[in-house]
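Below is one structure, written out as structure tokens; the observations come after it.
There are 2 protein chains.
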Amino acid sequence: MTNSDAVDRIIHSAETQCLKRGSRLSKKRTLILRCLLLQEKPISAYGLIDTYREYFGGDMPATSVYRILGFLQENSLAHKLQLQNKYIACSHIACDHDHGSPQFLICVQCKAVKEVGNNVGLVTEMNKVFERSEFRMITPQVEMVGICDKCQRVDSG
Amino acid sequence: MTNSDAVDRIIHSAETQCLKRGSRLSKKRTLILRCLLLQEKPISAYGLIDTYREYFGGDMPATSVYRILGFLQENSLAHKLQLQNKYIACSHIACDHDHGSPQFLICVQCKAVKEVGNNVGLVTEMNKVFERSEFRMITPQVEMVGICDKCQRVDSG
DNA sequence: CCAAATAATGATACACTGTATCAAAATACG
DNA sequence: CGTATTTTGATACAGTGTATCATTATTTGG
């Protein structure tokens with residue numbers, strides 16, 4: 001969840017990036033991105049339809065949502081979490097540095113997701129595993145399941 | 001793909017393991033496991049229905065397939081590849097040693113999958129990533145996308 | 001500015017993945 | 001053997017995603 005001012009700033013940054021890339025962040029794409037940014041947790045495509053209706057009124061067809069999610073992913077503005085079939089806004093839109101391939105930690109209990117930067121040590125070890133198996137790594141993108149700080153406390157308390 | 005004799009041996013080993021665990025590898029469960037073992041690549045649940053019909057004749061309902069897949073996973077005889085919604089037989093059924101959590105390499109092109117053992121260095125680095133983010137690792141199970149040896153050659157040649 | 005071309009969105013239909021529920025059959029067990 | 005438990009089947013349905021074609025916006029060249 002990002003507060004409204006911050007969302008505006010991120011949207012603006014996203015527009016700039018799209019301009020630079022020669023792609024267009026249309027009105028509808030902006031609204032879906034806004035829906036994503038306002039979530040605390042990953043959300044499904046159909047969840048986005050509901051959220052869109054709540055925030056902005058009107059129905060967005062599923063096909064449009066999927067297309068827009070595709071666009072956002074191509075432009076590194078959103079990611080799909082394959083382990084959950086859900087989507088989140090990229091947490092680095094407003095960062096000016098290039099942040100490489102996304103790596104995610106997923107809480108098995110509350111489903112919270114944390115996008116972490118490229119961890120050099122991890123990437124190195126992933127590379128080794130690939131090489132030992134005669135595979136070649138093409139992206140260090142990875143999703144790892146664990147349990148978050150908050151849920152750990154609740155469980156043990 | 002495993003040849004028929006080897007499959008028989010693996011099935012026997014699976015029966016032994018189930019016995020040890022107090023679970024039952026019923027006839028139908030055996031047949032689905034056999035279908036999995038005869039595949040070269042991961043297969044979808046509905047793909048298994050077709051395969052089952054080809055090999056053994058008769059229709060197995062989807063509900064049964066999913067239930068049996070659940071059983072096989074609980075008993076570490078099969079794994080679900082979350083990135084593809086497909087299933088494979090565990091490649092270590094006939095090994096007597098405990099092989100820990102599965103780690104998979106997936107070829108982005110031909111979709112071949114290699115199950116690799118627990119790589120100590122990788123697990124260590126995963127642990128570090130979790131700790132830095134105040135998550136706790138609960139399983140080093142992970143799926144990593146790359147490109148296999150064969151597809152590399154084809155691409156470059 | 002207008003018209004044609006391009007891009008984006010909508011509508012409809014459908015395929016694939018998976019689950020819930022209850023009924024029937026098979027197996028275990030006293 | 002008969003009852004209890006486990007396993008499987010049948011039916012219905014929810015969730016995820018794509019294909020196709022129509023419609024609406026937007027850009028671009030004259």
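Top to bottom, those sequences are chains R and A.
Its first residue numbered 1, the first sequence is counted upward by one per residue in our numbering.
Its first residue numbered 1, the second sequence is counted upward by one per residue in our numbering.
Heads up, the beta-carbon is just placed ideally off N, CA and C, and yes, glycines get one too.
From the options, residue whose alpha carbon lies closest to that of residue i
| i | options | result |
| --- | --- | --- |
| Arg136/R | Ser13/A, Ile49/A and Cys151/A | Cys151/A |
| Ile138/A | Leu105/R, Gln141/R, Ser44/R and Leu72/R | Leu105/R |
| Ser4/R | Leu36/R, Thr16/R, Gly22/R and Gln17/R | Leu36/R |
| Glu134/R | Glu40/A, Val65/A, Glu125/A and Cys148/A | Cys148/A |
| Gln109/A | Leu33/A, Val154/A, Ile88/A and Ala6/A | Val154/A |
| Ser44/A | Met126/A, His92/A, Thr124/A and Ile88/A | Ile88/A |
| Arg21/R | Ser91/R, Asp50/R and Ser76/R | Ser76/R |
| Ile56/R | Phe130/R, Phe71/R, Thr30/R and Leu69/R | The sequence as given places Phe at residue 56/R; Ile does not occur at that position. Nearest option by C-alpha distance: Thr30/R. |
| Arg132/R | Pro140/A, Glu115/A and Val142/A | Glu115/A |
| Ile49/R | Tyr66/R, Glu40/R and Lys41/R | Tyr66/R |
| Cys107/R | Asn127/R, Phe130/R and Val145/R | Val145/R |
| Leu25/A | Lys128/A, Ile68/A and Gln84/A | Ile68/A |
| His92/A | Phe71/A, Asn118/A and Gly70/A | Asn118/A |
| Gly100/R | Val120/R, Asp59/R and Gly70/R | Val120/R |
| His97/R | Leu81/R, Glu74/R and Gln17/R | Gln17/R |
| Leu33/R | Gln82/R, Pro42/R, Ser23/R and Ala78/R | Ala78/R |
| Leu83/A | Gln39/A, Leu72/A and Gln103/A | Gln103/A |
| Lys128/R | Leu122/A, Val129/A and Phe71/A | Leu122/A |
| Asn85/R | Val113/R, Pro61/R, Met60/R and Gly58/R | Val113/R |
| Gln141/R | Gln39/R, Leu81/R, Thr51/R and Cys95/R | Leu81/R |
| Arg53/A | Pro42/A, Glu40/A and Lys28/A | Lys28/A |
| Met60/R | Glu15/R, Gly70/R, Tyr46/R and Phe71/R | Tyr46/R |
| Glu40/R | Cys90/R, Met126/R, Ala94/R and Glu143/R | Cys90/R |
| Thr10/A | Cys95/A, Glu125/A, Phe130/A and Ser156/A | The sequence shown places Ile at residue 10/A, not Thr. Out of Cys95/A, Glu125/A, Phe130/A and Ser156/A, Cys95/A has the C-alpha closest to the C-alpha of Ile10/A. |
| Val7/A | Leu19/A, Ser23/A, Glu15/A and Leu38/A | Leu38/A |
Coarse secondary structure for residue i, derived from DSSP in three states
| i | result |
| --- | --- |
| Glu74/R | helix |
| Met60/R | coil |
| Arg29/A | helix |
| Asn127/R | helix |
| Arg53/A | helix |
| Ser23/R | coil |
| Leu36/R | helix |
Residues that residue i bridges to, as DSSP identifies them
| i | result |
| --- | --- |
| Ile88/A | His79/A |
| Met137/A | Gly146/R |
| Ile43/R | Tyr87/R |
Of the residues that make up the region 98 to 128 of chain A, which ones have a beta carbon closer than 8 Å to any beta carbon in chain R? Gln103, Leu105, Cys107, Val108, Lys114, Val116, Asn119, Gly121, Leu122, Thr124, Glu125, Met126 and Lys128
Within the region 91 to 120 of chain R, ranges of the beta strand (DSSP E) (whole runs, at least 3 residues): 103 to 107 and 113 to 116
Contact residues within the region 36 to 57 of chain A, judged by C-beta distance below 7 Å to chain R: none
Interface positions of the region 62 to 95 of chain A facing chain R (Cβ-Cβ less than 7 Å), listed along the chain: Gln82 and Leu83
Short of 8 Å Cβ to Cβ, which residues in the region 128 to 139 of chain A face chain R? Lys128, Val129, Phe130, Arg132, Ser133, Glu134, Phe135, Arg136, Met137, Ile138 and Thr139
Residues within the region 9 to 24 of chain R neighbouring chain A, beta-carbon criterion of under 8 Å: none
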